[in-house]
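Participant: With the first letter of the sequence shown counted as 1, position 376 gets the number 379 in the working numbering; the numbers rise by one all the way through. Can you read through this structure? Questions will come right after.
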Amino acid sequence: METSKPARQKDTRDLRHEGIASKVEGFNERAKKAVADEELHKSIALFTNKTLTGRNATLGALPEAPELRERAYHIKQETMANLDSYLSQMAEAVEARGGNVFFADDGEDVVRYIGELARRRGAKVIAKSKSMATEEIELNRRLEESYSDLDLEIVETDLGEWIAQLAGDHPSHIVGPILHMNRERVAKILSETAGEELPPNVEDLAAFARKRLREKFLAADIGITGANFGVAETGTVVTVTNEGNGRLVTSVPPVHVVVMGIEKLVPRFEDLSVFVRLLSRSGTGQKITVYTNFVTGPRGEGELDGAEEMHLILMDNGRSKLLGTEFEEALYCIRCGSCLNVCPVYRQTGGHAYGSTYSGPIGAVITPLLKGDKEAKDLPHASSLCGACSETCPVGIPLHELLLKLRNRQVEEGIVGRAQSLMFKGFEKTMRSPAAYRAGVKIGRLAQKPAVKDGSIRPMPGPTSGWTDTRDLPPLAEKSFREMWKEGI
């Protein structure tokens with residue numbers, strides 16, 4: 004078993020990936036552009052409406068769904084409480100089957116391990132299947148830059164991820180990487196790659212992709228996958244997907260590398276029956292996805308398929324700092340994307356507005372925890388706090404409560420602007436004092452008169468304009484309920 008250098012003491016509030024320029028700042032500016040993009044709204048609605056309809060139907064037909072949800076929460080809770088022992092058990096089980104295990108403190112460790120492995124193997128082509136963990140650390144870009152002397156060709160083989168890669172784009176959804184693209188745009192991207200015009204129909208586009216990617220599978224020296232789950236008891240890596248590329252990546256190249264966040268562990272093989280039933284229904288609205296793959300070590304003696312070498316990289320990247328804190332529940336996420344589909348903010352802005360690998364409610368929680376409050380200060384506020392995300396989460400993560408805790412932490416750390424902080428402190432004092440409240444109402448009635456238009460207050464100057472420019476703010480009533488009660492109205 005290989006281990007990384009001793010974990011450096013990094014506060015999750017300041018954790019940043021060295022060498023990666025911030026893309027998270029500027030959410031408000033990107034969101035404004037996204038809100039005005041009608042084509043984007045149509046693409047998002049097409050995907051999310053279909054997925055939500057399927058989710059509601061399949062979960063509604065599963066009587067034990069509430070029980071499974073509760074069990075999933077408690078399994079994750081147990082796992083995080085004993086994560087060190089389950090990680091050791093996972094590593095021992097993988098090594099017992101002939102695999103290699105490496106504990107990576109951060110993305111830099113992951114890049115170095117894979118880069119040196121590629122150098123040792125004389126690798127030229129790396130085939131990747133869909134992996135949010137590798138997106139999180141920008142593995143492709145950093146490998147190409149740090150190991151430019153190897154002239155590596157890194158190819159995404161998930162259809163959506165490949166199209167995004169060809170376009171120089173990034174995934175905009177955990178499950179549907181290119182849901183922000185319509186068929187015409189996809190056809191244009193693939194036509195440029197093909198060197199000829201391809202018609203914008205699914206059959207012809209898929210046929211071209213299949214032919215081109217099959218060449219990459221056969222040429223690949225290393226295959227890289229993520230993992231939906233890792234079973235500590237058996238050392239099994241589980242991937243859940245609707246495309247066959249995952250199986251090709253794990254079995255055709257001679258070397259298989261798994262990059263797995265340490266939070267993806269479950270203790271026992273039987274636990275998978277809980278999560279697989281919830282993941283597919285919540286993520287895509289299917290009873291089960293087309294391919295649920297189980298990989299336990301490299302190809303053994305007498306076995307006909309599988310990689311000659313298997314390397315499991317257990318990546319921390321700030322996760323362990325959340326253990327035992329008020330934000331630990333964020334580690335329970337199984338990356339189904341269901342919270343994105345119901346979120347009114349995500350449905351208006353799409354994923355790119357968040358500027359992070361993880362978008363939507365879970366992204367608004369995870370990104371500040373991994374990248375730091377200052378860099379991602381806007382994201383906890385990218386929520387209506389309607390609670391739909393918490394309600395739909397198959398593992399029962401109270402996402403809206405975590406968002407409130409992050410907002411509170413910003414106030415405590417002085418990240419929120421002084422004017423805003425003073426305004427809310429004044430509001431708090433007013434609401435706590437009946438006399439101040441009554442006086443404030445009277446002053447407010449007089450102050451609002453110039454701003455009332457068509458039954459709403461708009462526009463307001465200064466920091467309040469962000470609210471009144473995009474929402475209807477009803478004016479204060481001429482008489483309060485208490486006043487009417489006293490008058491006998």
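Note that CB positions come from ideal geometry on N, CA and C, so glycine has one too.
So Lys154 packs on Lys191, CB below 8 Å; how close in whole Å?
Facilitator: Going by the sequence as given, residue 154 is Asp instead of Lys. Not really, about 28 Å apart at Cβ, beyond 8 Å.
Participant: Near Asn344, which residues of its chain fall below 6 Å by C-beta distance, leaving aside the five closest residues on each side in sequence?
Facilitator: Here the set comprises Thr51, Thr54 and Leu55.
Participant: For Glu490 and Lys482, I'd like the C-alpha separation in whole angstroms.
Facilitator: One C-alpha to the other measures close to 10 Å.
Participant: Can you give the Cα-Cα distance for Lys219 and Pro180, rounded to whole angstroms?
Facilitator: Taking the straight line joining both Cα atoms gives about 20 Å.
Participant: Considering only DSSP beta bridges, list what His176 is partnered with.
Facilitator: Paired residues: none, contrary to the question.
Participant: Would you kindly check if the distance between the Cβ of Pro371 and the Cβ of Cys392 is under 8 Å?
Facilitator: Contact flag unset, no.
Participant: Determine the closest residue to Asp112 out of Leu146, Ala84, Gly101 and Tyr89, with distance taken between C-alpha atoms.
Facilitator: Looking at the Cα atoms, Leu146 is the closest of the given residues.
Participant: Select from Pro478, Ser468 and Gly469 the residue whose C-alpha is nearest the C-alpha of Ile460.
Facilitator: Of the listed residues, the one whose Cα sits closest to Ile460 is Pro478.
Participant: Which stretch, first to last residue, makes up the beta strand (DSSP E) that contains Ile262?
Facilitator: Looking at the sequence itself, residue 262 is Val, so the reference to Ile does not match. Val262 -> beta strand (DSSP E) spans Val258 to Gly264.
Participant: Closer than 7 Å by C-beta to Ala439: which residues in its own chain qualify, once you throw out the five before and the five after it? Chain order, please.
Facilitator: Once the five neighbours on either side are set aside, the close Cβ partners of Ala439 are Lys432 and Thr433.
Participant: To the nearest whole angstrom, what separates the beta carbons of Leu409 and Val368, a pair I think is in contact under 8 Å?
Facilitator: Rounded, the Cβ-Cβ distance is 7 Å, consistent with contact.
Participant: Are three or more beta carbon pairs between the region 403-423 and the region 373-393 nearer than 8 Å?
Facilitator: Verdict: yes, contact present.
Participant: Answer yes or no: does any C-beta atom of chain C fall closer than 8 Å to that of Pro256?
Facilitator: This model lacks chain C altogether, as it is built from one protein chain only.
Participant: Using the C-alpha atoms, what's the distance from Val419 back to Phe30?
Facilitator: Those two C-alpha atoms are separated by around 15 Å.
Participant: List, from N- to C-terminal side, the alpha helix (DSSP H) runs of 4 residues or more that fit wholly inside the region 368-440.
Facilitator: DSSP runs (the alpha helix (DSSP H)) wholly in the region 368-440: 391-395, 402-415 and 421-435.
Participant: What residues are listed by DSSP as bridge partners for His314?
Facilitator: Beta-bridge pairing links His314 to Asn103 and Val260.
Participant: Is DSSP giving Asn130 helix, strand or coil here?
Facilitator: What sits at residue 130 in the sequence shown is Ala, not Asn. Three-state result, Ala130: strand.
Participant: DSSP three-state label for Leu65, please.
Facilitator: In this structure, Leu65 counts as coil in the three-state DSSP scheme.
Participant: Consult DSSP for Lys482 and reduce its assignment to one of helix, strand or coil.
Facilitator: DSSP places Lys482 in coil when its eight states are reduced to three.
Participant: Look at the alpha carbon of Ser387 and the alpha carbon of Phe106, and state the distance between them as a whole number of angstroms.
Facilitator: Answer to the nearest angstrom: the Cα atoms are 38 Å apart.
Participant: Out of Gln451, Ala385, Arg284 and Ser424, which has the shortest C-alpha to C-alpha gap to Val27?
Facilitator: Closest by alpha carbon: Ala385.
Participant: Can you tell me which residues form a DSSP beta bridge with Leu268?
Facilitator: Looking at the DSSP assignment, Leu268 forms a beta bridge with Gly233.
Participant: Have a look at Glu156, Gly286 and Ile446 and flag the residue whose alpha-carbon is nearest the alpha-carbon of Ala130.
Facilitator: If we check each option's Cα against that of Ala130, Glu156 comes out closest.
Participant: Which residue from Arg250, Thr242, Ala212 and Pro397 puts its Cα closest to that of Ser285?
Facilitator: Among Arg250, Thr242, Ala212 and Pro397, the Cα nearest to that of Ser285 belongs to Pro397.
Participant: Between which two residues does the alpha helix (DSSP H) containing Ile211 stretch?
Facilitator: The displayed chain sequence assigns Phe, not Ile, to residue 211. Where Phe211 is concerned, the enclosing alpha helix (DSSP H) stretches over Val205 to Ala222.
Participant: Report the option in Phe484, Met463 and Ser283 whose CA atom is closest to the CA atom of Leu476.
Facilitator: Checking every option, the nearest Cα to that of Leu476 belongs to Met463.
Participant: Within a Cβ cutoff of 7 Å, which residues of the same chain sit near Pro401, ignoring the five residues on either side of it in sequence?
Facilitator: So the qualifying residues of the chain are Glu332 and Ser393.
Participant: Between the beta-carbon of Val277 and the beta-carbon of Thr239, is there less than 8 Å?
Facilitator: No. Outside cutoff.
Participant: Using the C-alpha atoms, what's the distance from His173 back to Lys36?
Facilitator: So the two alpha carbons sit approximately 17 Å from each other.
Participant: Nearest to Ile114 by alpha carbon, out of Lys428, Asn296 and Val262?
Facilitator: Correcting the residue identity first, residue 114 is Val in this sequence and not Ile. For the residues Lys428, Asn296 and Val262, the minimum Cα distance to Val114 belongs to Val262.
Participant: DSSP state of Phe330, grouped into three classes?
Facilitator: If DSSP states are grouped into helix, strand and coil, Phe330 belongs with coil.
Participant: Specify the secondary structure class of Leu296 as computed by DSSP and reduced to three states.
Facilitator: In the sequence as displayed, the identity of residue 296 is Asn instead of Leu. Here Asn296 sits in strand by DSSP.
Participant: Could you say if the region 197-207 and the region 224-238 meet the contact criterion of at least three C-beta pairs nearer than 8 Å?
Facilitator: No, because fewer than three Cβ pairs between the region 197-207 and the region 224-238 fall closer than 8 Å, the two stretches do not touch.
Participant: So Met135 packs on Gly249, CB below 8 Å; how close in whole Å?
Facilitator: Incorrect: roughly 14 Å between the Cβ atoms, too far for contact.
Participant: Please classify Ala167 as buried or exposed, where buried requires at least 16 other C-beta atoms within 10 Å of its C-beta.
Facilitator: Buried is the call here.
Participant: For the candidate residues Leu373, Glu312 and Arg122, whose alpha-carbon lies nearest to that of Pro256?
Facilitator: Ranking the options by Cα distance to Pro256, first place goes to Glu312.
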